[in-house]
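Colleague:
Protein chains: 4
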Amino acid sequence: MSHASRYVVTLGCPDRTGIVARIATFLADLGGSIVEAAYHADADSGWFFTRQAVDAASIDIGVDELRERFATVAAEIGPDTEWAVHDSSIRKRVVLLVSKEGHCLHDLLGRAAGGELPATIDAVIGNHPDLEAVTRAHGTPFHHVPFPSDPAERGPSFAQLRELVDSYDPDAVVLARFMQVLPEDLCDHWAGRALNIHHSFLPSFVGARPYHQAFARGVKLIGATCHYVTAELDAGPIVEQDVIRVDHADAVSDMVRQGRDIEKLVLARGLRWHLEDRVLVHGRKTVVFS
Amino acid sequence: MSHASRYVVTLGCPDRTGIVARIATFLADLGGSIVEAAYHADADSGWFFTRQAVDAASIDIGVDELRERFATVAAEIGPDTEWAVHDSSIRKRVVLLVSKEGHCLHDLLGRAAGGELPATIDAVIGNHPDLEAVTRAHGTPFHHVPFPSDPAERGPSFAQLRELVDSYDPDAVVLARFMQVLPEDLCDHWAGRALNIHHSFLPSFVGARPYHQAFARGVKLIGATCHYVTAELDAGPIVEQDVIRVDHADAVSDMVRQGRDIEKLVLARGLRWHLEDRVLVHGRKTVVFS
Amino acid sequence: MSHASRYVVTLGCPDRTGIVARIATFLADLGGSIVEAAYHADADSGWFFTRQAVDAASIDIGVDELRERFATVAAEIGPDTEWAVHDSSIRKRVVLLVSKEGHCLHDLLGRAAGGELPATIDAVIGNHPDLEAVTRAHGTPFHHVPFPSDPAERGPSFAQLRELVDSYDPDAVVLARFMQVLPEDLCDHWAGRALNIHHSFLPSFVGARPYHQAFARGVKLIGATCHYVTAELDAGPIVEQDVIRVDHADAVSDMVRQGRDIEKLVLARGLRWHLEDRVLVHGRKTVVFS
Amino acid sequence: MSHASRYVVTLGCPDRTGIVARIATFLADLGGSIVEAAYHADADSGWFFTRQAVDAASIDIGVDELRERFATVAAEIGPDTEWAVHDSSIRKRVVLLVSKEGHCLHDLLGRAAGGELPATIDAVIGNHPDLEAVTRAHGTPFHHVPFPSDPAERGPSFAQLRELVDSYDPDAVVLARFMQVLPEDLCDHWAGRALNIHHSFLPSFVGARPYHQAFARGVKLIGATCHYVTAELDAGPIVEQDVIRVDHADAVSDMVRQGRDIEKLVLARGLRWHLEDRVLVHGRKTVVFS
Numbered sequence: 001m002s003h004a005s006r007y008v009v010t011l012g013c014p015d016r017t018g019i020v021a022r023i024a025t026f027l028a029d030l031g032g033s034i035v036e037a038a039y040h041a042d043a044d045s046g047w048f049f050t051r052q053a054v055d056a057a058s059i060d061i062g063v064d065e066l067r068e069r070f071a072t073v074a075a076e077i078g079p080d081t082e083w084a085v086h087d088s089s090i091r092k093r094v095v096l097l098v099s100k101e102g103h104c105l106h107d108l109l110g111r112a113a114g115g116e117l118p119a120t121i122d123a124v125i126g127n128h129p130d131l132e133a134v135t136r137a138h139g140t141p142f143h144h145v146p147f148p149s150d151p152a153e154r155g156p157s158f159a160q161l162r163e164l165v166d167s168y169d170p171d172a173v174v175l176a177r178f179m180q181v182l183p184e185d186l187c188d189h190w191a192g193r194a195l196n197i198h199h200s201f202l203p204s205f206v207g208a209r210p211y212h213q214a215f216a217r218g219v220k221l222i223g224a225t226c227h228y229v230t231a232e233l234d235a236g237p238i239v240e241q242d243v244i245r246v247d248h249a250d251a252v253s254d255m256v257r258q259g260r261d262i263e264k265l266v267l268a269r270g271l272r273w274h275l276e277d278r279v280l281v282h283g284r285k286t287v288v289f290s
Numbered sequence: 001m002s003h004a005s006r007y008v009v010t011l012g013c014p015d016r017t018g019i020v021a022r023i024a025t026f027l028a029d030l031g032g033s034i035v036e037a038a039y040h041a042d043a044d045s046g047w048f049f050t051r052q053a054v055d056a057a058s059i060d061i062g063v064d065e066l067r068e069r070f071a072t073v074a075a076e077i078g079p080d081t082e083w084a085v086h087d088s089s090i091r092k093r094v095v096l097l098v099s100k101e102g103h104c105l106h107d108l109l110g111r112a113a114g115g116e117l118p119a120t121i122d123a124v125i126g127n128h129p130d131l132e133a134v135t136r137a138h139g140t141p142f143h144h145v146p147f148p149s150d151p152a153e154r155g156p157s158f159a160q161l162r163e164l165v166d167s168y169d170p171d172a173v174v175l176a177r178f179m180q181v182l183p184e185d186l187c188d189h190w191a192g193r194a195l196n197i198h199h200s201f202l203p204s205f206v207g208a209r210p211y212h213q214a215f216a217r218g219v220k221l222i223g224a225t226c227h228y229v230t231a232e233l234d235a236g237p238i239v240e241q242d243v244i245r246v247d248h249a250d251a252v253s254d255m256v257r258q259g260r261d262i263e264k265l266v267l268a269r270g271l272r273w274h275l276e277d278r279v280l281v282h283g284r285k286t287v288v289f290s
Numbered sequence: 001m002s003h004a005s006r007y008v009v010t011l012g013c014p015d016r017t018g019i020v021a022r023i024a025t026f027l028a029d030l031g032g033s034i035v036e037a038a039y040h041a042d043a044d045s046g047w048f049f050t051r052q053a054v055d056a057a058s059i060d061i062g063v064d065e066l067r068e069r070f071a072t073v074a075a076e077i078g079p080d081t082e083w084a085v086h087d088s089s090i091r092k093r094v095v096l097l098v099s100k101e102g103h104c105l106h107d108l109l110g111r112a113a114g115g116e117l118p119a120t121i122d123a124v125i126g127n128h129p130d131l132e133a134v135t136r137a138h139g140t141p142f143h144h145v146p147f148p149s150d151p152a153e154r155g156p157s158f159a160q161l162r163e164l165v166d167s168y169d170p171d172a173v174v175l176a177r178f179m180q181v182l183p184e185d186l187c188d189h190w191a192g193r194a195l196n197i198h199h200s201f202l203p204s205f206v207g208a209r210p211y212h213q214a215f216a217r218g219v220k221l222i223g224a225t226c227h228y229v230t231a232e233l234d235a236g237p238i239v240e241q242d243v244i245r246v247d248h249a250d251a252v253s254d255m256v257r258q259g260r261d262i263e264k265l266v267l268a269r270g271l272r273w274h275l276e277d278r279v280l281v282h283g284r285k286t287v288v289f290s
Numbered sequence: 001m002s003h004a005s006r007y008v009v010t011l012g013c014p015d016r017t018g019i020v021a022r023i024a025t026f027l028a029d030l031g032g033s034i035v036e037a038a039y040h041a042d043a044d045s046g047w048f049f050t051r052q053a054v055d056a057a058s059i060d061i062g063v064d065e066l067r068e069r070f071a072t073v074a075a076e077i078g079p080d081t082e083w084a085v086h087d088s089s090i091r092k093r094v095v096l097l098v099s100k101e102g103h104c105l106h107d108l109l110g111r112a113a114g115g116e117l118p119a120t121i122d123a124v125i126g127n128h129p130d131l132e133a134v135t136r137a138h139g140t141p142f143h144h145v146p147f148p149s150d151p152a153e154r155g156p157s158f159a160q161l162r163e164l165v166d167s168y169d170p171d172a173v174v175l176a177r178f179m180q181v182l183p184e185d186l187c188d189h190w191a192g193r194a195l196n197i198h199h200s201f202l203p204s205f206v207g208a209r210p211y212h213q214a215f216a217r218g219v220k221l222i223g224a225t226c227h228y229v230t231a232e233l234d235a236g237p238i239v240e241q242d243v244i245r246v247d248h249a250d251a252v253s254d255m256v257r258q259g260r261d262i263e264k265l266v267l268a269r270g271l272r273w274h275l276e277d278r279v280l281v282h283g284r285k286t287v288v289f290s
């Protein structure tokens, strides 16, 4: 939690010999004290992934110069290398999109207040005004963007949403039970930054009313899935999932209640990992260095 | 475990006032000491379900007379009443259908040997001969029924399978990773007695190679499902499910290995509940008084 | 959830034949439609426990008359019978005792606001003033009762606490990370109504700083326990427990963060079951008809 | 599972800058292709731990020469460095110690037969003869070493046990529900190689009859713990733990049955990690690179 400031390096590239040595030597030459390091060589895709966190106090240069120097290392490793260098002392910004159900909003505001998220929640935007009061009670701005009931007429609302969200330049756009399907251009625009919580254990029960679907099928566990938003509905790369046991005595309303606890946990974990640069997306899948 | 002998009454019927009183009074009038009782009123279907276990020593009459007398009670309750009276001292019979993968077979033979199942495993039938030795080491008969690779030519094999299984008159026919899809007539013939273990968290990943499907989708949990076999593939009433956590470092082979542990547990639980008359099927769903 | 109003009957007594029949017949004679029923015959103690929920609309008489009539039934069953009849339409009252850590408070206020608890939180009392703002933001009264650092001088504070709590006549007094050990007389005074959340999987790590104890021992799971408060520290009847996985990479601060999620869930479940009259205490143990 | 052959390097030492770079450069200079790498810098103890698995086919030299060369690297890193180099193609040897309860034995024999353990089970030694038949059915030698009922007279039995076990020169001595407390000299002699499965969630319920202790306390979860054996009873470094839910309806015999499933899983996981050199012991705790 109250970690000392860190520089976090993430990198993905086609695997070959010597990458770890190259990065480790680069960091050691700077005197960098590594506090966390994780690697993954994916036999299926032939890609290599790593995340390394260095105690910022152990390195004499600032994050900008570190980034500049690391660019040379990354270029040496190969032309397809995808990488980033983050400074954990620069607090990130989150915008939450909500509708009427407040449990995820409430949970995230509480976590932010308790210092559990390495970010500030800069704004909450609702397609209904219901959650304005609880948002403002936390000192957070709330914007109401109404959405017409006719899907064909929602274009202006999405345009307004985009403009509002972008005005905060957020590191994460969280659909905290937003209940509106983002149009393809918004999915592309926020690619890699928009996280959704779906109230089922995907790929089961895609789309609307998953608890009703779960009840009808008679499953013995219900779940929730945190995933990146892509143009294909509920099919983006999965960051985190979890389940809870139900039985024949649980009505849909009981599933809704119990499911909330899992939704909150799964979204909070997924968002924290995203904000701590622990999630590397590759194709339709994620590497999560939790 | 080593329970004293019990009479187990199960009943399902359209719900109405007084059913519990009627059954409880019937049992009390016989001096029956109730050791377990469970009820479920299903608001969705309007049906009522119960399971009651009575200490057999507390009742003077035998199971046949108890069954005869209870028929009158059941008739009074209503014409749609589905019920049964079982004597737990009559050990049940199980036939296992297997292919090449032995983990579920091995696990169930071990549990039967340890007295954990209220049943004997009377025979194992394989479409491959691979598991004959381990089966015979437990003193259990093994039958090899070869299946042609062309699905169109499997009719005689299924006929032989049916005859063999029926010769044991089993209370449960367990597809312990059998890998053959039963034809509709066999599904109907063994309806309510045939249990399958599917190596995914249904309804996700129906059909072949579910671990490969799970790997491709990048899910963070894998599961297994024990369900009754019906004509629609992997769509029968679910008895039990469970999951285990996986991550990006797990190849398909790791999922196969970890999944085995869940398959074994889920099948063992589902089978035990079936054999202890704890599972009441209603439509596409189950009530499990575990 | 938004259940129709119910009368809930709970009963515990030495087991003997005919108890179920007696209660069920009593309810059936009143036309009572049973929506939930659970029984437990405890072989170890020889006691019988039941909880039955009846649709209030199916019975013509009010809860007071029902209670009066049931008293006769209970007396017939035996002199040691412990029983109660509750009306779920009478909303219960909760008082929370807190210190500085706000996660359980925040979670319970959120659940109450979302209609998830069958109760109102009538007051929050803190031995520190830190959580006053968040409490008042929910429109709930907050009282600050300072506790001297010298344990020998805390008598007047406990007296003031007792008076304040009792002024709300609560159905549950919840020690939501209160961090003060109640004196024996308060334990007795609130017996069966005071619930504590302990941040370990009891009986492991009784007393202070359980996460530090867990870290030192190198356990691979950490947990939380909701229990009734008794004079013996952390030894009261357990209502609910759960755990979460940790590993060598988790510092004490990580355990504290992860543990909070389990504390919140376990306390919320335990409190809901208590408020729904699902918990029957017998000696040092509980029967929980969840 | 059918992994290509690997060289596995494990190392623990006081943390300082440059260790990762030194090891990674060493491996890269040999052309080593790293298939798995894990690091842990322990802020509490100030120690650093790593485990790296290299594709053996990517390195021209054999394991002996690799070990010799790595000794130089380890010496450079510091005098307190603890390290090892293993060749995964050299199958390890396991000896199991058992008593009368066969579930863990049965489970491990099944896993070994299925190729799930990177080891052969070379012998089973029982203080009772009960499990001889099932052991021999797997083609594994069984030795019966009787233990007198008087603890004071068990010296010769332990001496015989030691001689027998040592004759197999095992990489792991597994107390698979052995039920005898090893004397201090045997704990020391097999230090780091002897694994026990204790049927509770340690540190709760140390010693005899933990399920009876759990029942008496009324816990809502029961567990199992796999740990290295040390002279202090049930206090050795923990490798793995897990739990399963129980409730008021579970008698001790039900806990025993359900607990078996957790004991099997926990022991199998702990043993596999030990055999794959994933467990680094430091003081009373373990680092498990699972």
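Protein chains in written order, with the UniProt record's numbering: chain V, 1 to 290; chain U, 1 to 290; chain X, 1 to 290; chain W, 1 to 290. Even for Gly, the Cβ is constructed at its ideal location relative to N, Cα and C. Owing to the predicted nature of the structure, the values given are computational and were not obtained by experimental measurement.
Could you name the residues of the same chain whose beta carbon sits closer than 7 Å to that of valine 279(X), not counting the 5 residues immediately before and after it, in chain order?
Modeller: Around valine 279(X): Val239, Trp273, Thr286, Val288.
Colleague: Based on Cα-Cα distance, which residue from Gly139(W), Val173(W), Met179(W) lies nearest to proline 146(W)?
Modeller: Checking every option, the nearest Cα to that of proline 146(W) belongs to Met179(W).
Colleague: Along the segment 93-114 of chain U, what residues have a CB closer than 8 Å to any CB found in chain W?
Modeller: Listed by position along the chain: Gly102, His103, His106, Asp107, Gly110, Ala113, Gly114.
Colleague: In chain V, which residues lie less than 7 Å from aspartate 261(X) when you measure between Cβ atoms?
Modeller: By Cβ distance, chain V contributes Leu265.
Colleague: Name the residue from Pro203(U), Leu186(U), Val9(U) whose alpha carbon lies nearest to the alpha carbon of leucine 162(U).
Modeller: Inspection of the sequence shows that residue 162(U) is occupied by arginine rather than by leucine. When each option's Cα is compared against that of arginine 162(U), the closest is Leu186(U).
Colleague: Whose CA, out of Glu276(U), Tyr168(U), Asp44(U), Asp171(U), lies closest to the CA of proline 118(U)?
Modeller: Minimum Cα distance to proline 118(U) is reached at Glu276(U).
Colleague: Please list, in chain order, the chain U residues whose beta carbon lies closer than 8 Å to that of leucine 221(V).
Modeller: Phe201, Gly223, Gln241, Asp242, Val243, listed in chain order.
Colleague: Check whether the segment 31-46 of chain U touches the segment 21-41 of chain X, counting contact only when three or more Cβ pairs, one atom from each stretch, lie closer than 8 Å.
Modeller: Contact between the segment 31-46 of chain U and the segment 21-41 of chain X is present, because at least three Cβ pairs lie under 8 Å.
Colleague: Determine whether the beta carbon atoms of glutamate 263(U) and histidine 199(U) lie at a separation below 7 Å.
Modeller: Yes; because the gap between Cβ atoms is below 7 Å, this pair is in contact.
Colleague: I'd like to confirm the pairing. Which residues does DSSP put opposite serine 33(U) in its beta bridges?
Modeller: Bridge partners of serine 33(U): Asp55(U).
Colleague: So threonine 230(U) and leucine 202(U) are in contact, right, with Cβ under 8 Å, and what is the actual spacing, rounded?
Modeller: So it is not a contact: roughly 12 Å between Cβ atoms.
Colleague: Between which residues of its own chain and threonine 81(X) is the CB-CB distance below 7 Å, once the five residues before and five after are set aside?
Modeller: Answer for threonine 81(X): Leu11, Cys13, Ala74, listed in chain order.
Colleague: Name, please, each residue of chain X whose Cβ falls closer than 9 Å to the Cβ of glutamate 82(V).
Modeller: By Cβ distance, chain X contributes nothing, its closest Cβ being about 25 Å from glutamate 82(V), past 9 Å.
Colleague: Could you pull out every residue in the same chain whose Cβ sits closer than 7 Å to the Cβ of valine 63(V), ignoring the five residues on either side in sequence?
Modeller: Closer than 7 Å at the Cβ level, and outside the excluded window around valine 63(V), lie Tyr7, Val85, Asp87.
Colleague: Can you pull the DSSP bridge partners for glutamate 240(W)?
Modeller: Glutamate 240(W) pairs with Cys226(W).
Colleague: Examine chain U for any beta-carbon lying closer than 7 Å to the beta-carbon of alanine 137(W), and answer yes or no.
Modeller: Yes, its Cβ sits closer than 7 Å to a Cβ of chain U.
Colleague: Assuming residue 298(W) and valine 165(W) are in contact, meaning their beta carbons sit under 8 Å apart, how far apart are those beta carbons, in whole angstroms?
Modeller: Because chain W is modelled from 1 through 290, residue 298(W) falls outside the range shown and cannot be assessed.
Colleague: So with Cβ pairs under 7 Å, would you call isoleucine 34(W) a contact of chain V?
Modeller: Yes, isoleucine 34(W) lies at the interface with chain V (some Cβ there is under 7 Å from its Cβ).
Colleague: Suppose contacts are defined by Cβ-Cβ distances below 7 Å. Is arginine 209(U) in contact with glutamate 101(U) by that definition?
Modeller: No, Cβ-Cβ distance for arginine 209(U) and glutamate 101(U) is not below 7 Å.
Colleague: Alpha carbon to alpha carbon, what distance is there between glycine 126(U) and proline 156(U)?
Modeller: Going from the Cα of proline 156(U) to the Cα of glycine 126(U) covers about 15 Å.
Colleague: Given this structure, state the Cα-to-Cα distance separating glycine 223(X) from serine 33(U), to the nearest angstrom.
Modeller: For glycine 223(X) and serine 33(U), the distance between alpha carbons rounds to 38 Å.
Colleague: In terms of residues, what are the limits of the alpha helix (DSSP H) holding arginine 257(W)?
Modeller: Note, arginine 257(W): alpha helix (DSSP H), 252-275.
Colleague: DSSP puts arginine 6(X) in a beta bridge; with which residues?
Modeller: Asp55(X).
Colleague: Pairing CB atoms from the segment 231-250 of chain U with CB atoms from the segment 250-265 of chain V, are three or more of them under 8 Å?
Modeller: Contact between the segment 231-250 of chain U and the segment 250-265 of chain V is absent, because fewer than three Cβ pairs lie under 8 Å.
Colleague: So, aspartate 261(V) versus leucine 265(X), is the Cβ gap smaller than 7 Å?
Modeller: Cβ distance < 7 Å, so aspartate 261(V) and leucine 265(X) count as in contact.
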